[in-house]
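The structure appears right after this line, and notes come after that.
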Amino acid sequence: MKKKVRGIFLVLLMSMVGLMTACGSDEASSGGDGDSGKKEKLVVGTDAAFAPFEYMDKGEVVGFDIDFLDAVMKEAGYEYDVKNIGWDPLFAAVQGGKEVDMGISGITINDDRKETFDFSNPYFESTHMIMFGEGVDIKSAKDLKGMKIGVQNGTTGQEAAEKIVGQNSPDISKYENNVVAITALKQGQVDAVVTDNTVVNEYVKNNPQDNFNTVEDPENFESEFYGLMFPKDSELKADFDKAVKEVIENGTYADIYKEWFGTEPNTDALLEQAE
């Protein structure tokens, strides 16, 4: 009798072990990170004060970057949430890798940032432009010398202005975002604003009553490229490099670009930069 009870107990124990193993296997394949190592949902940080790339509309973050991000996330097979946290906090949050998994906000890829962050293949080519009011005479970036210049703090727009008038120049006023910088221009606190050409063109198109003038200067303002930003050595980079390239190659990118900007993008220039 004891042998029979012991035998039944062993059979039941082995069955339970087998069931637990099977459940664990099912859970690993259907939930959690699973065999693929992918998180169920990524958090993407942004600064929603950079129209037309990202801005707030009726409580929702919208813009070219957001539509592009959606296409790339679908291609890469991730679900995601967008978190509006501001420009300077965005870099700290991505570097920390806890509050957000990655960032998108018209972020220029450059050597200084690449020392701290990883970037995806480029998805947008940009340059800088000068915006100024009536009565101000600017024909090139060199004319900014001696003028009061507004820039968004910590951006390549600031760097572009500093190359003309000097680093830490007292003539450069640094603002939290482009919205505040442009407001300063409207109020006469600065003579000009230096920022991305697409931002300038979008503002001038939507606000003709301000009578702002613009100047491009390809000799002094070089082209630059935006990328998705990740913590250093992020495992996400490989997935998004492929997804960005595919979205550009399959025509989805051009559709989104034309919807927002009304022109054809130079996808060859982007693909030449791709890894």
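In our numbering, the protein residues as written are -1 to 273.
Note that CB positions come from ideal geometry on N, CA and C, so glycine has one too.
Strand pairing of residue 60, partner residues [DSSP]: Residue pairing by DSSP puts residue 60 in a beta bridge opposite 53.
Unbroken alpha helix (DSSP H) run spanning residue 155, endpoints: Counting along the chain, the unbroken alpha helix (DSSP H) around residue 155 starts and ends at 154 to 163.
Counted within 10 angstroms of its Cβ, other Cβ atoms place residue 54 as buried (16 or more) or exposed: Flag for residue 54 reads exposed.
Cβ shell of residue 76 (< 6 Å), same chain only, five flanking positions each side left out: Once the five neighbours on either side are set aside, the close Cβ partners of residue 76 are 40.
Beta carbon proximity, residue 161 to chain D, threshold 7 Å: Absent here is chain D; the protein component of the structure consists of one chain.
Residues near residue 130 in its chain [Cβ-Cβ closer than 7 Å; skip 5 each side]: These residues qualify, in order along the chain: 136, 189, 190, 210 and 211.
Contact under 7 Å by Cβ, residue 128 with residue 60: No, the pair does not count as a contact, with Cβ atoms beyond the cut-off.
Paired residues, beta bridge with residue 150 - DSSP: Paired residues: 173.
Residue 80 versus residue 153: straight-line alpha-carbon distance, rounded: Spanning the alpha carbons of residue 80 and residue 153 requires a straight line of approximately 21 Å.
Contact between the stretch 88 to 99 and the stretch 57 to 72 (3+ Cβ pairs under 8 Å): Touching, no, given that fewer than three Cβ pairs across the two stretches are closer than 8 Å.
Check whether residue 45 and residue 138 have beta carbons under 7 Å apart: No, Cβ-Cβ distance for residue 45 and residue 138 is not below 7 Å.
Through-space distance from residue 119 to residue 261, alpha-carbon basis: The alpha-carbon atoms of residue 261 and residue 119 are separated by roughly 22 Å.
Distance CB(residue 224)-CB(residue 105) smaller than 7 Å: Yes, Cβ-Cβ distance for residue 224 and residue 105 is below 7 Å.
First and last residue of the uninterrupted alpha helix (DSSP H) at residue 190: Run containing residue 190: none in the alpha helix (DSSP H); it sits in the beta strand (DSSP E), 190 to 194.
Which residues DSSP lists as bridging residue 210, in chain order: According to DSSP, residue pairing for residue 210 in a beta bridge does not occur.
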